[in-house]
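In order, the protein sequence lines correspond to chains A and B.
For the first sequence, the residue numbers in numbering that gives the first Met the number 0 are 0 to 439.
For the second sequence, the residue numbers in numbering that gives the first Met the number 0 are 0 to 338.
Note that beta-carbon positions come from the ideal geometry of N, C-alpha and C, so glycine has one too.
Contents: one structure, followed by commentary.
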Amino acid sequence: MQIYIHKDGRKSGPFTLEQLREKVLQGSFTEEDYASHDHRTWVTIGEVPGYVPGIQSHQQHSDALDSESKGGDLSSVGASLDSQRKGLPSVPSTGKTIRNTTNVKKSKRHQLLFSGSGSEFFGIWIVNILLSIVTFGIYSAWAKVRTMNYFYGSTSLAFSSFAYVANPVAILKGRIIAFVFFLLYMLLSQVEPLLIIPLMLLIFFLAPVIIVRSLRFRMQNTEYRGLRFGFAGTTGESYGVFVGGLLLSYITAGILFPWFYMRQKQFFIGNVQFGGSQFLCMPRSGHFYACVGICFAMVFGAVLFFVLVAFAFEAITSVAGPLLTTLLPLCIYPMMGVVSAYWHANTTNHVITSSRLEDITFESRLTTGGLVGLWFINILLLVFTAGLATPWVMVRNARYRIGCTSVLADDLDSFVAEKVDTSSALGDELGEAFDIDLAI
Amino acid sequence: MSEVIAGKYLSVGTSLAIDANIRLDGGDLVVTDEAGGELSRAKIREAEISSRLGNVPRRIRFSDQSSFETEANDVVDEWFRSVGKSKGIVPTLEGKLRYVLPFTVVTILVTWTFVAYGLPALAGIAARNLPQDILDGAAESTLAFLDEIALEPTGLAQERRREIESLIRCTFPPKEALVYEVVFRRGDTLGANAFALPDGTIVFTDELVELLTSDEEILAVFAHELGHVAERHSLRQLLQDTSIAVLSYLVIGEATDTLQEALNALPAILMHDAYSREFESEADDYAIRLLREADISPQRLADALSRLSHEHGDEEGLKYLSSHPSSRERIRKAEEASQ
Numbered sequence: 000m001q002i003y004i005h006k007d008g009r010k011s012g013p014f015t016l017e018q019l020r021e022k023v024l025q026g027s028f029t030e031e032d033y034a035s036h037d038h039r040t041w042v043t044i045g046e047v048p049g050y051v052p053g054i055q056s057h058q059q060h061s062d063a064l065d066s067e068s069k070g071g072d073l074s075s076v077g078a079s080l081d082s083q084r085k086g087l088p089s090v091p092s093t094g095k096t097i098r099n100t101t102n103v104k105k106s107k108r109h110q111l112l113f114s115g116s117g118s119e120f121f122g123i124w125i126v127n128i129l130l131s132i133v134t135f136g137i138y139s140a141w142a143k144v145r146t147m148n149y150f151y152g153s154t155s156l157a158f159s160s161f162a163y164v165a166n167p168v169a170i171l172k173g174r175i176i177a178f179v180f181f182l183l184y185m186l187l188s189q190v191e192p193l194l195i196i197p198l199m200l201l202i203f204f205l206a207p208v209i210i211v212r213s214l215r216f217r218m219q220n221t222e223y224r225g226l227r228f229g230f231a232g233t234t235g236e237s238y239g240v241f242v243g244g245l246l247l248s249y250i251t252a253g254i255l256f257p258w259f260y261m262r263q264k265q266f267f268i269g270n271v272q273f274g275g276s277q278f279l280c281m282p283r284s285g286h287f288y289a290c291v292g293i294c295f296a297m298v299f300g301a302v303l304f305f306v307l308v309a310f311a312f313e314a315i316t317s318v319a320g321p322l323l324t325t326l327l328p329l330c331i332y333p334m335m336g337v338v339s340a341y342w343h344a345n346t347t348n349h350v351i352t353s354s355r356l357e358d359i360t361f362e363s364r365l366t367t368g369g370l371v372g373l374w375f376i377n378i379l380l381l382v383f384t385a386g387l388a389t390p391w392v393m394v395r396n397a398r399y400r401i402g403c404t405s406v407l408a409d410d411l412d413s414f415v416a417e418k419v420d421t422s423s424a425l426g427d428e429l430g431e432a433f434d435i436d437l438a439i
Numbered sequence: 000m001s002e003v004i005a006g007k008y009l010s011v012g013t014s015l016a017i018d019a020n021i022r023l024d025g026g027d028l029v030v031t032d033e034a035g036g037e038l039s040r041a042k043i044r045e046a047e048i049s050s051r052l053g054n055v056p057r058r059i060r061f062s063d064q065s066s067f068e069t070e071a072n073d074v075v076d077e078w079f080r081s082v083g084k085s086k087g088i089v090p091t092l093e094g095k096l097r098y099v100l101p102f103t104v105v106t107i108l109v110t111w112t113f114v115a116y117g118l119p120a121l122a123g124i125a126a127r128n129l130p131q132d133i134l135d136g137a138a139e140s141t142l143a144f145l146d147e148i149a150l151e152p153t154g155l156a157q158e159r160r161r162e163i164e165s166l167i168r169c170t171f172p173p174k175e176a177l178v179y180e181v182v183f184r185r186g187d188t189l190g191a192n193a194f195a196l197p198d199g200t201i202v203f204t205d206e207l208v209e210l211l212t213s214d215e216e217i218l219a220v221f222a223h224e225l226g227h228v229a230e231r232h233s234l235r236q237l238l239q240d241t242s243i244a245v246l247s248y249l250v251i252g253e254a255t256d257t258l259q260e261a262l263n264a265l266p267a268i269l270m271h272d273a274y275s276r277e278f279e280s281e282a283d284d285y286a287i288r289l290l291r292e293a294d295i296s297p298q299r300l301a302d303a304l305s306r307l308s309h310e311h312g313d314e315e316g317l318k319y320l321s322s323h324p325s326s327r328e329r330i331r332k333a334e335e336a337s338q
């Protein structure tokens with residue numbers, strides 16, 4: 000029997016049951032890491048049929064094993080899991096389930112899992128591109144929905160996957176508007192360069208509206224367990240964050256920029272709704288300032304190191320010029336990569352861990368080294384395949400990010416849908432016109 | 000009696016996911032819980048199924064908006080096919096190597112053909128149909144910008160400038176569709192150079208006029224620059240560069256995360272030089288035609304080009320020359336035309 004392990008976004012294996020047990024005893028894995036025999040159905044190591052917990056095991060899973068650890072055949076993993084899910088009402092009491100907030104049960108750690116594969120997605124990707132070409136771009140809206148659905152559908156939390164349910168026609172409308180606008184901008188910038196300034200101002204003042212509309216569109220079309228997400232951010236708040244925040248950080252010569260960055264993230268996540276519940280995002284701006292400080296220290300340290308090396312080299316060989324002029328520029332890009340990986344990993348982890356949804360909390364374990372490795376291989380893949388490796392790169396990104404995220408929750412079942420508000424139908428029409436992806 | 004498959008029953012209005020089984024019973028889809036109790040029953044004809052995407056779990060949505068999520072893709076496809084709802088052509092194409100491989104080859108060929116031939120042809124059509132004065136504003140600001148950063152006022156004697164201008168006007172009289180204006184500047188760092196702006200302004204540097212020994216060579220260089228104006232190369236270059244940038248964003252944009260965004264610009268940078276080389280050789284062809292009509296040997300163009308390439312050196316990092324096809328090749332073409 001072959002068992003694969005999924006830990007922090009990386010897959011390893013295959014292992015036998017005995018090897019697995021040793022690894023857990025050695026501390027390489029914990030019983031809460033995920034195991035699969037087919038890369039598709041994932042259970043925690045503690046839940047693997049036939050797995051005998053070691054002495055060090057400390058989790059509550061061991062009790063669940065007693066009843067069904069005879070099989071040893073991992074293909075029965077799904078079945079063994081099902082019988083584990085106790086305490087669920089057997090009949091759906093539609094809309095009536097009330098959240099029990101006084102529940103004192105310890106939260107269970109659910110690893111977000113990504114089960115997509117590059118080769119599988121390649122087929123979808125290449126068909127998307129060819130059909131988009133032969134339909135002069137019209138199919139690209141359908142392609143977008145299929146791509147989103149592949150990534151959403153391959154992402155699962157507690158054995159349920161996500162779904163993207165947007166109407167491609169709405170996306171097509173948005174793309175046509177964006178395309179026309181882009182063409183106008185390009186032509187105008189050449190024909191009448193002076194008109195660029197008012198146009199940029201127009202974009203600057205429209206951006207907060209577009210951001211809110213597109214986030215709302217994205218979230219309202221995201222579904223988990225049949226329940227829609229939503230976005231509660233208002234246009235006013237968006238203006239405060241993006242226009243106000245940006246102006247403030249300019250006025251203060253960038254001193255408020257880390258705060259501005261934090262407010263953006265807070266706006267993106269803190270306004271997400273799941274059913275009738277809303278996320279709470281409370282990052283500390285001190286953390287962002289600390290990160291900025293370390294980034295500056297890294298850049299300063301690296302430059303200092305180079306200058307010292309160059310001086311030392313000059314002292315020995317009396318030719319320092321070539322070293323500084325050729326080596327330094329070559330190192331700038333990788334250095335920027337390391338610094339931005341550090342920034343990205345630390346701020347993202349902080350934002351995610353300081354978010355919660357009711358009594359659900361989140362964990363994020365991105366690392367600087369992990370991101371540097373991911374980006375480095377991605378760049379090589381893209382350059383050496385002239386872009387044909389795009390599907391693998393997209394899957395690698397998703398697998399790493401999703402694999403580094405877990406959800407701590409004891410109850411994912413009791414979220415209730417909010418009444419659908421139909422009064423803003425006109426506003427949504429405009430929102431649907433702009434389908435813009437924002438990295439959160 | 001058909002197969003029973005396992006999955007999750009997703010109730011309406013809550014995030015409750017119930018472990019359940021589904022089976023096809025006559026024309027009905029029946030969802031039962033673990034104990035066998037019936038959770039839902041609906042006609043398969045009225046149920047909707049999400050499109051197949053590899054092995055991503057599928058959702059069967061019932062008319063009451065509740066749904067069933069399952070990984071048993073093949074069984075579900077079979078059920079829906081039996082009532083005439085096939086999974087459609089797209090998922091079939093995506094999932095089979097025998098379609099994906101030819102699709103890949105065709106996509107590469109189509110993309111290459113489009114980039115090498117289709118796009119230049121389309122940009123040419125667009126350029127011919129766009130208003131003649133569309134880039135006039137850009138031309139003015141470009142010259143003002145160059146005057147600011149690189150060029151100096153001309154030091155050529157006025158008689159010499161008049162002489163050259165009248166020579167050009169006599170040899171190549173301006174036509175209604177093709178107005179031009181000759182302008183002189185000291186090239187300074189740009190050295191011996193000539194360039195055309197999209198509104199028909201053709202700039203000669205003093206250094207170029209001094210470098211070229213015969214007036215016929217000046218006429219040859221002028222004819223080449225006029226070619227750029229007549230064929231509307233600035234506008235075509237703009238349209239082509241922009242299209243490549245959009246295209247590369249569409250193809251690899253989704254994969255480029257954070258720092259890799261710089262890669263999106265790479266195809267446009269690479270193609271920019273390739274396109275401008277084509278424009279140079281088009282302008283050469285135009286010049287050769289014009290020179291012949293005026294009874295001047297195209298050899299003069301070859302002479303001017305070799306003088307220029309000698310002046311700048313082939314390895315010179317000057318943008319003007321580096322974007323030109325290899326000078327030797329261009330000189331050879333002009334020489335062949337003169338025989």
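Residue i versus residue j: straight-line alpha-carbon distance, rounded
i	j	result
residue 200 of chain A	residue 266 of chain B	29 Å
residue 127 of chain A	residue 167 of chain A	13 Å
residue 300 of chain A	residue 335 of chain A	13 Å
residue 393 of chain A	residue 150 of chain A	9 Å
residue 180 of chain A	residue 215 of chain A	21 Å
residue 134 of chain A	residue 142 of chain A	12 Å
residue 280 of chain B	residue 110 of chain B	23 Å
residue 15 of chain A	residue 6 of chain B	28 Å
residue 399 of chain A	residue 148 of chain B	48 Å
residue 363 of chain A	residue 349 of chain A	8 Å
residue 241 of chain A	residue 269 of chain A	15 Å
residue 310 of chain A	residue 294 of chain A	24 Å
residue 152 of chain A	residue 122 of chain B	40 Å
In DSSP terms, what residue i is bridged to
i	result
residue 362 of chain A	A/405
residue 271 of chain A	A/230
residue 20 of chain B	B/5 and B/31
residue 204 of chain B	B/184
residue 155 of chain A	A/112 and A/160
residue 277 of chain A	A/272
residue 13 of chain B	A/415
residue 285 of chain B	According to DSSP, residue 285 of chain B bridges with nothing at all.
residue 152 of chain B	B/184
residue 261 of chain B	According to DSSP, which records beta bridges pairwise, residue 261 of chain B is partnered with nothing at all.
Relative to chain A, which residues along the stretch 2-16 of chain B have a C-beta separation below 9 Å, given in chain order? Here the close residues are 5, 7, 8, 9, 10, 11, 12, 13, 14, 15 and 16.
For the stretch 352-367 of chain A, enumerate the residues whose C-beta is nearer than 8 Å to any C-beta of chain B, in chain order. Contact residues of the stretch 352-367 of chain A toward chain B are absent (C-beta to C-beta distance below 8 Å).
Near-chain D residues of the stretch 154-179 of chain A (beta-carbon distance less than 9 Å), N- to C-terminal order: You won't find chain D in this structure, because its protein chains are A and B.
I'd like to know if the stretch 102-109 of chain B and the stretch 49-59 of chain B are in contact, where contact means that at least 3 CB-CB pairs between them fall below 8 Å. Contact between the stretch 102-109 of chain B and the stretch 49-59 of chain B is not established, with fewer than three Cβ pairs separated by less than 8 Å.
Of all the alpha helix (DSSP H) runs that stay within the bounds of the stretch 175-247 of chain A, which reach a length of 4 or more residues? Inside the stretch 175-247 of chain A, DSSP marks whole alpha helix (DSSP H) runs of 4 or more residues at positions 195-219 and 234-238, from first to last along the chain.
The stretch 179-197 of chain B contacting the stretch 149-156 of chain B, beta-carbon criterion three pairs below 8 Å: The stretch 179-197 of chain B is in contact with the stretch 149-156 of chain B.
What are the uninterrupted segments assigned as alpha helix (DSSP H) that are 4 or more residues long and contained completely in the stretch 201-250 of chain B, given in chain order? If only complete runs of 4 or more residues are kept, the stretch 201-250 of chain B shows the alpha helix (DSSP H) at 205-210 and 214-229, in order along the chain.
Touching or not, the stretch 236-248 of chain B and the stretch 286-295 of chain B, by the rule of three or more beta carbon pairs under 8 Å? Pairwise C-beta distances place the stretch 236-248 of chain B out of contact with the stretch 286-295 of chain B, as fewer than three of them are shorter than 8 Å.
At a CB distance below 7 Å, what residues from the stretch 90-103 of chain B approach chain A? Give them in sequence order. Within the stretch 90-103 of chain B, the qualifying residues are 92, 93, 94, 99, 102 and 103.
Using a Cβ distance threshold of 8 Å, determine whether the stretch 339-351 of chain A contacts the stretch 360-376 of chain A, with at least three qualifying pairs required. By the criterion of at least three beta-carbon pairs nearer than 8 Å, the stretch 339-351 of chain A is in contact with the stretch 360-376 of chain A.
Count Cβ pairs between the stretch 205-222 of chain B and the stretch 271-279 of chain B that sit closer than 8 Å; are there 3 or more? Because the criterion of three Cβ pairs below 8 Å is not met, the stretch 205-222 of chain B and the stretch 271-279 of chain B do not touch.
Say whether the stretch 125-140 of chain B touches the stretch 194-207 of chain B, bearing in mind that this needs 3 or more beta-carbon pairs closer than 8 Å, one atom from each stretch. Three or more beta-carbon pairs drawn from the stretch 125-140 of chain B and the stretch 194-207 of chain B are found closer than 8 Å, and the two stretches are therefore classed as touching.
For the stretch 259-290 of chain A, which residues have a CB atom closer than 8 Å to at least one CB atom of chain B, in sequence order? Answer set for the stretch 259-290 of chain A: 273 and 274.
When you check each C-beta in the stretch 109-133 of chain B against every C-beta of chain A, which residues fall closer than 7 Å? Closer than 7 Å at the C-beta level to chain A, one finds these residues of the stretch 109-133 of chain B: 109 and 133.
Residues within the stretch 233-250 of chain A neighbouring chain B, beta-carbon criterion of under 7 Å: Cβ contacts with chain B come from no residue of the stretch 233-250 of chain A.
By the 8 Å beta-carbon criterion, what residues does the stretch 56-87 of chain B contribute toward chain A? Taking 8 Å as the cut-off between beta carbons, the residues of the stretch 56-87 of chain B near chain A are 56, 58, 64, 65, 66, 68 and 70, in sequence order.
Going along the chain, which unbroken runs of the alpha helix (DSSP H) with 4 or more residues stay wholly within the stretch 111-143 of chain B? Segments of the alpha helix (DSSP H) lying fully in the stretch 111-143 of chain B: 118-128.
According to a CB-to-CB cut-off of less than 8 Å, which residues of the stretch 208-236 of chain A neighbour chain B? Per Cβ criterion, the list reads 223, 224, 225 and 226.
Near-chain B residues of the stretch 393-411 of chain A - C-beta to any C-beta below 7 Å: When C-beta distances to chain B are compared with 7 Å, the residues of the stretch 393-411 of chain A below that value are 393, 396 and 411, in chain order.
Determine contact between the stretch 227-238 of chain B and the stretch 117-131 of chain B, defined as no fewer than three beta-carbon pairs at a distance below 8 Å. Segments in contact, yes.
Determine, using beta-carbon pairs with one atom in the stretch 255-262 of chain A and one in the stretch 270-279 of chain A, whether at least three such pairs fall under 8 Å. Not touching, per the Cβ criterion.
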